[in-house]
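Chains X and S supply the protein sequences, listed in that same order. Counting in our numbering, the first sequence runs from 96 upward without gaps. Counting in our numbering, the second sequence runs from 549 upward without gaps. Glycine included, every Cβ here is placed at the ideal spot set by N, Cα and C. Keep in mind it's a predicted model, so treat the numbers as computed, not measured.
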Amino acid sequence: MAITTRQFDAVVVGAGGSGLRAALQLAEANLRVAVLSKVFPTRSHTVAAQGGVSASLGNEEPDNWHWHMYDTVKGSDYLGDQDAIEFMCRKANEAVIELEHFGMPFDRLDNGKIYQRPFGGHTSNYGERAVKRACAAADRTGHAMLHTLYQRNVRAKTQFFVEWMALDLVRNQAGDVLGVVAMEMETGEVAILHAKATLLATGGAGRIYSASTNAFINTGDGLGMAARAGIPLEDMEFWQFHPTGVAGAGVLITEGVRGEGGFLLNKNGERFMERYAPTVKDLASRDVVARAMATEIKEGRGAGKDADHILLKLDHLGADVIDKRLPGIREIAKKFANVDPAKDPIPVVPTCHYQMGGIPTNMHGQVLAGHSGNAIVKGLYAAGECACVSVHGANRLGTNSLLDLLVFGKASGEQVVKDLRADAIAHQDLPKDAADRALARLARLDSAKSGESVHEVGAELRRTMQLHCGVFRFPDSLAEGVRKINEVAERAGRLYFKDKSKVFNTARVEALELENLVEVAVSTMVSAHARQESRGAHDRSDFPNRDDANWMKHTFWYKEGNRLEYRPVNLKPLTVESFEPKARVY
Amino acid sequence: MGDLDRIRWQCRRGMLELDLVLNRFVEAELEGLSPEQLGVFRAFLAENDTLLLAWVMGQEEPPAQYTGLVRQLQQR
Ligand SMILES: Cc1cc2nc3c(=O)[nH]c(=O)nc-3n(C[C@H](O)[C@H](O)[C@H](O)COP(=O)(O)OP(=O)(O)OC[C@H]3O[C@@H](n4cnc5c(N)ncnc54)[C@H](O)[C@@H]3O)c2cc1C
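Written as structure tokens, this is what we have:
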């Protein structure tokens with residue numbers, strides 16, 4: 096089948112903060128850049144980020160990148176690569192100031208400098224006390240960042256392909272990546288975007304959990320594309336959870352509710368946090384609260400007809416206090432939980448928020464070909480939440496994600512510019528089978544006359560992940576989870592939908608997205624089952640402690656054979672002394 | 549149909565809250581909207597996510613042309 100081919104110097108898949116930052120670097124170097132996005136660029140998930148972006152500017156009080164680096168290494172529970180972490184923390188000030196010069200409307204101090212506020216895990220003098228390091232634009236930091244970068248790209252003549260969905264990578268015999276196969280949603284037409292460099296910036300895949308704070312578009316498409324092309328996925332067992340998302344909806348309920356005196360109940364009406372944390376109770380740290388909630392549910396004391404959630408009670412505060420101190424909470428609860436918290440408790444569960452693992456890269460955004468050595472996949476780069484550099488290790492520090500987008504978006508863009516100049520390369524010839532994998536996927540879906548419902552298989556996938564690989568992990572349950580998720584994967588091979596129309600066929604898009612979610616879910620479950628320790632966000636009931644002797648290493652999952660390999664953590668920073676592993680206590 | 553399908557896709561947003569509200573509305577009401585109402589909805593979807601959220605959650609007053617639509621969305 097003849098399909099349209101378009102040529103560019105570089106193709107960037109994803110128009111969130113990372114994709115836009117990378118594209119800007121390319122366009123300003125006068126390369127011909129195409130940026131693809133499933134949705135209008137400024138509707139990328141980065142728009143949801145509120146808290147801010149970290150940089151040790153020291154505008155409010157003394158701070159420096161060494162302290163930021165220490166916090167990040169410790170936050171990562173010593174799974175982060177210290178060379179990449181040093182790189183990111185050293186570049187942070189430059190990245191934020193550059194964004195300021197691009198026109199980002201940061202909040203300011205009276206002296207005109209960027210205002211900074213404290214955030215969990217940010218400290219001065221190596222953990223001594225809290226420091227103000229987060230830079231924000233009101234509660235719309237992600238929104239402001241996206242708009243600033245988008246405007247700048249328009250000016251630099253970046254070409255946008257909006258409402259285009261990348262389906263698969265084009266890889267030749269030698270293993271080089273030569274672009275992507277993509278579908279224009281408006282027509283359903285498929286095209287090859289032929290490029291000398293391809294950069295994946297497709298964001299996270301939080302939709303593998305039934306309780307997720309992520310928008311619907313966060314389906315891990317870049318990870319699915321990489322996995323199908325034979326590229327491993329790194330550290331997929333590490334997902335950050337927030338203790339209180341609305342059960343069934345995912346929408347976050349701020350920790351402020353417990354700060355103001357709200358507390359958690361199990362189905363017996365028991366205030367169970369008194370058992371798990373007798374002194375601080377409901378104000379214990381996020382992971383302690385989330386683990387206690389998961390244990391209550393696991394042991395059959397969850398509320399509701401399926402005994403699958405916990406109740407967050409705040410009616411005792413009274414409507415006046417709720418309205419005054421927790422503005423917006425009643426609206427959120429009414430809208431998404433169907434309860435008025437001034438009368439009834441809000442059903443909540445630990446909710447997936449952020450993916451630490453992803454497509455393995457070095458600190459220049461080049462994608463690693465495998466777990467051993469430093470060989471790269473020629474022509475392929477990745478940045479942002481879909482990539483694993485790894486700076487977040489087993490647990491991300493708040494506000495370090497937006498920083499990651501800026502620093503590694505730019506670094507990968509710079510690397511592409513360098514690679515294309517050095518080689519002064521022409522486009523390599525496309526292999527005859529360039530589009531075959533994607534076309535076969537589409538052909539199967541379009542010709543299926545019966546099969547599994549996308550909705551049901553998707554729901555089963557999310558339920559399985561939530562139940563068997565949630566915030567607190569139990570051995571028998573993980574083993575069962577591996578069996579079940581492989582079964583889901585198998586069912587996903589027989590997806591079927593009735594409407595075969597071409598124009599904006601959401602059913603087709605959802606089927607393609609589900610195939611990506613399957614790769615993410617299987618890699619997560621298999622990686623989690625194998626890791627016999629607790630570290631950062633991976634918390635196992637049977638191995639409650641971190642085991643540096645055996646497990647201070649990155650997991651690499653390969654789709655072929657559902658196989659795992661490991662790679663040592665890089666404990667050697669670029670210029671400073673290594674931070675040796677210590678117990679992570681706050 | 550094409551036009552409604554485009555609208556359905558454009559209800560995919562960068563924030564979960566909006567995905568939920570818009571998709572509930574679309575499932576229940578899209579097919580019954582008049583041509584004028586569709587026009588308003590289309591224009592609404594072209595606005596920024598942060599504005600949509602502030603309007604739907606009642607934190608900001610929407611412009612006059614959207615008050616009816618926002619009220620409908622709030623009931624969902
Ligand atoms: C509620 C919430 C609040 C947060 N707050 C903060 C915060 O305060 N500070 C912080 O540092 N981090 C925060 N985070 C995390 C942070 O927002 C994300 O990690 C980050 O925005 C991800 O950016 P990205 O560029 O990697 O991807 P995204 O912004 O998710 O963009 C992905 C892009 O890829 C495109 N895409 C995906 N698949 C395809 C495909 N197949 N074809 C074409 N295009 C595709 C999408 O259309 C989109 O343009 C928060 C996260 C959430 C959920």
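Along the length of the region 452-540 of chain X, whole beta strand (DSSP E) runs at least 3 residues long occupy 461-463, 471-477, reported in chain order. Sequence-distant partners of X/V617 (beyond 5 residues in either direction) whose C-beta falls short of 6 Å from its own C-beta, in its chain, are I580, A584.
The beta carbon of X/G170 sits no closer than 6 Å to any heavy atom of ligand 1. Only residues of its own chain outside the window of five on either side were considered, and among them A251 have a CB closer than 8 Å to the CB of X/E123, listed in chain order. X/V484 is not a Cβ neighbour of X/M451, given a cutoff of 7 Å. For the region 591-617 of chain S, the beta-carbon criterion of a distance under 9 Å to any beta-carbon of chain X is satisfied by A594, N596, D597, T598, V604, M605, G606, Q607. Separation of the CB atoms of X/E608 and X/T141 is rounded to 19 Å, and the pair is thereby denied contact status at 8 Å. With the rule of 3 Cβ pairs closer than 8 Å, the region 128-138 of chain X counts as touching the region 97-107 of chain X.
When DSSP states are grouped into helix, strand and coil, X/V265 belongs to the strand group.
Of X/D176, X/H163, X/V108, the smallest CA-CA separation from X/E223 is found for X/H163. Per DSSP, reduced to three states, the secondary structure at S/Q607 is coil, with no helix or strand assignment.
Sequence-distant partners of X/F567 (beyond 5 residues in either direction) whose C-beta falls short of 6 Å from its own C-beta, in its chain, are R386, A389, D634.
Straight across, the Cα-Cα distance linking X/A190 with X/L115 is about 14 Å. Counting C-beta pairs with one atom in each stretch, the region 418-431 of chain X and the region 324-332 of chain X have fewer than three that are closer than 8 Å, which means they do not touch.
In this structure, X/L294 is the residue among X/L294, X/L612, X/I312, X/H624 with its C-alpha nearest to the C-alpha of X/V472. In terms of Cα proximity to X/S542, the closest of X/T446, X/R626, X/N206, X/S596 is X/S596. Residues of the region 587-614 of chain X with a C-beta atom less than 8 Å from some C-beta of chain S are S596, V598, F599, N600, T601, V604, listed in chain order.
A residue is called buried once 16 or more other Cβ atoms fall within 10 Å of its Cβ, and X/H242 is buried on that count. Within chain X, V346 have C-beta atoms less than 7 Å from the C-beta of S/E565, given in sequence order. Between ligand 1 and the CB of X/D316, the shortest heavy atom gap is smaller than 6 Å. At a cut-off of 7 Å between beta carbons, X/S139 contacts chain S.
For a Cβ distance threshold of 8 Å, nothing in chain X lies close to S/G587: the least Cβ distance comes to about 18 Å.
Fewer than three beta-carbon pairs drawn from the region 665-681 of chain X and the region 559-579 of chain S are found closer than 8 Å, and the two stretches are therefore not classed as touching. Taken from the Cβ of X/E480, at least one heavy atom of ligand 1 lies inside 6 Å. Relative to the Cα of X/Q335, the nearest Cα in the group X/A517, X/H448, X/P157 belongs to X/H448.
For ligand 1, no non-hydrogen atom lies closer than 6 Å to the CB of X/T650. Any Cβ of chain X closer than 7 Å to the Cβ of S/R556 would place that residue at the interface, and such an atom is present. Set against 6 Å, the gap from the CB of X/L537 to the closest heavy atom of ligand 1 is not smaller. Interface flag for X/F311 against chain S is set, since a Cβ pair is found closer than 7 Å.
If you ignore the 5 residues before and after X/G504, its C-beta comes within less than 6 Å of the C-beta of S113, R116, A117, A478, all in its own chain and listed in chain order. DSSP, reduced to helix, strand and coil, places X/S307 within a strand of the structure shown. For X/C184, the enclosing alpha helix (DSSP H) stretches over residues 177-197.
According to the DSSP assignment, X/Y661 belongs to the beta strand (DSSP E) that extends over 658-663.
For X/G452, the CB stays at least 6 Å from every heavy atom of ligand 1. Taking 6 Å as the cut-off, the C-beta of X/M260 counts as close to a heavy atom of ligand 1. Cα atoms of S/V574 and S/L621: separation of roughly 10 Å, rounded to the nearest angstrom.
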